[in-house]
Amino acid sequence: MPTSLHSTALDDLGTGKAVVLLHGFPFNRSMWSDQIEFLSAHGYRSIAPDLRGLGENRSDDEVATMEDMARDVAALMDELKIDRAIIGGLSMGCYVAFEFIRLFPSRVRALVLAGARAEGADKAEKKSREQQAKRVLEQGMTHAIDSILQSLLSPRTVAEKPDVVSRVREMVASTDPRGAAAAQRGMAVRRDYRDDLPNISAPTLITAGHEDGVRKPIDAGSIQQGIENSRLEVIDKAGHLMNMEQPERFNQVLLEFLKSVTEARP
Ligand code: MLT
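Under this note's numbering, the first residue of the sequence shown carries the number 2, and numbering increases by one thereafter.
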């Protein structure tokens with residue numbers, strides 16, 4: 002249900018415990034469409050906003066920090082009158098989720114981290130992000146599409162799932178270069194979330210794509226070791242965009258986790 006009633010473009014479907022899903026970069030809320038439908042059909046209110054500067058959530062910011070985005074999510078939850086939610090992210094969405102739980106720990110019922118990385122950006126990464134920000138501002142998004150498809154999808158998905166490939170292609174092509182540059186600059190100045198992991202007490206599901214070329218399952222393993230109340234699930238036959246590449250398996254893992262959390266707690 003896209004809505005213009007709120008300050009943020011979002012999908013909001015179903016009733017029940019709220020699950021807020023935060024998309025990756027340079028994508029938008031539509032990457033969660035399989036999960037939104039599935040979770041709403043299984044008794045959850047599933048919500049996916051476009052993050053600042055991305056999707057339909059246009060912004061003129063030169064830098065959109067992960068903290069800005071987390072505060073936007075909190076403001077949206079206020080508007081929707083949701084006090085606590087299960088907060089889930091994929092990749093950049095995980096940086097935002099890490100910020101959210103640091104700033105608003107009591108508003109997190111549980112955490113879902115897909116394709117996460119906890120390290121902050123080193124000098125080389127900062128430089129590369131600034132170069133990429135400048136490049137999209139000068140040349141637009143199109144040049145980035147092929148490298149994104151190659152690095153974020155498993156070769157199997159590229160070969161066998163043309164529908165997923167074209168959804169990813171469309172998301173990147175429709176991204177506002179100003180929003181992409183601002184998010185790149187925001188990711189360049191993100192915290193090193195490794196320092197925050199021991200403070201996370203919410204039940205946490207970590208998922209990793211078995212064929213993810215940018216976030217190896219072993220990186221997910223170190224996050225899992227840092228968060229006490231966490232479990233790790235590896236999604237077979239999937240790359241970085243595991244929820245789109247293997248939606249049935251991802252949904253099953255997600256639902257099992259949500260049930261374990263929401264059925265055990267009031
Ligand atoms: C993403 O998929 O959101 C990006 O790979 C995040 C990043 O650039 O670190």
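Where is the CB? At the ideal position from N, CA and C, for every residue including glycine. In this text, all values refer to a predicted model and were calculated from it rather than measured experimentally.
Thinking C-alpha only, which one of the options is nearest residue i?
i	options	result
residue 21	235, 135, 37 and 173	37
residue 131	166, 190 and 27	190
residue 200	103, 141, 134 and 145	103
residue 125	155, 141 and 188	188
residue 24	12, 225 and 224	12
residue 77	230, 87 and 50	50
residue 264	9, 17, 10 and 8	17
residue 185	43, 85, 93 and 75	93
residue 109	222, 203 and 258	203
residue 145	170, 34 and 220	170
residue 118	250, 239, 251 and 221	221
residue 34	80, 48 and 82	48
residue 67	39, 56, 100 and 219	100
residue 80	114, 113, 116 and 10	10
residue 150	251, 249 and 245	245
residue 240	116, 44 and 107	116
residue 137	63, 123, 164 and 223	63
Could you give the C-beta distance for residue i and residue j, rounded to a whole number, given that I count them as a contact under 8 Å?
i	j	result
residue 53	residue 65	4 Å
residue 193	residue 121	3 Å
residue 15	residue 41	3 Å
residue 228	residue 208	With 8 Å as the limit, residue 228 and residue 208 do not qualify as a contact, their Cβ atoms being about 13 Å apart.
residue 46	residue 19	5 Å
residue 182	residue 134	4 Å
residue 75	residue 105	5 Å
residue 212	residue 157	7 Å
Quick one: Cα of residue i to Cα of residue j, how far?
i	j	result
residue 262	residue 256	10 Å
residue 243	residue 216	11 Å
residue 173	residue 27	6 Å
residue 154	residue 98	22 Å
residue 128	residue 159	29 Å
residue 232	residue 247	19 Å
residue 152	residue 214	6 Å
residue 161	residue 8	38 Å
residue 259	residue 147	35 Å
residue 198	residue 96	12 Å
residue 61	residue 55	11 Å
residue 86	residue 107	10 Å
residue 236	residue 219	13 Å
residue 250	residue 226	23 Å
Using 8 Å as the limit for Cβ to Cβ distance, is residue i near chain D?
i	result
residue 47	Here chain D cannot be found, since the structure has a single protein chain.
Quiz prompt | Closer than 5 Å: residues whose CB approaches a heavy atom of the ligand MLT | solution = Going along the chain, the residues that qualify are 25, 26, 92 and 93.
Practice problem: May I ask you to verify whether the segment 130 to 145 touches the segment 163 to 183, counting CB pairs closer than 8 Å and requiring at least 3? | Solution: Yes, the segment 130 to 145 touches the segment 163 to 183.
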